[in-house]
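Residue numbers (the working numbering): 2 to 55.
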């Protein structure tokens, strides 16, 4: 999966030198790259006191 970075960011060349596939914003806009949405649940979250157990 490529890393999308702004065109003018100096890290682009550093990442490419480390063999990390970098896609500039210009190229990503042309290819219609969509953001990945991720949901991370909280394993230690307190349960709602009004919620009945299932």
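Ideal placement from N, C-alpha and C gives every residue a C-beta, glycine not left out. Every value quoted in this text rests on a predicted model; they were computed, and no experiment measured them.
Rounded separation between residue i and residue j - CA only
{"i": "residue 17", "j": "residue 30", "result": "20 Å"}
{"i": "residue 22", "j": "residue 44", "result": "33 Å"}
{"i": "residue 27", "j": "residue 6", "result": "9 Å"}
{"i": "residue 32", "j": "residue 11", "result": "22 Å"}
Which of helix, strand or coil DSSP assigns to residue i
{"i": "residue 23", "result": "strand"}
{"i": "residue 35", "result": "coil"}
Nearest to residue i (by Cα), restricted to the options the options
{"i": "residue 19", "options": "35, 4, 41, 36", "result": "4"}
{"i": "residue 35", "options": "24, 42, 10", "result": "24"}
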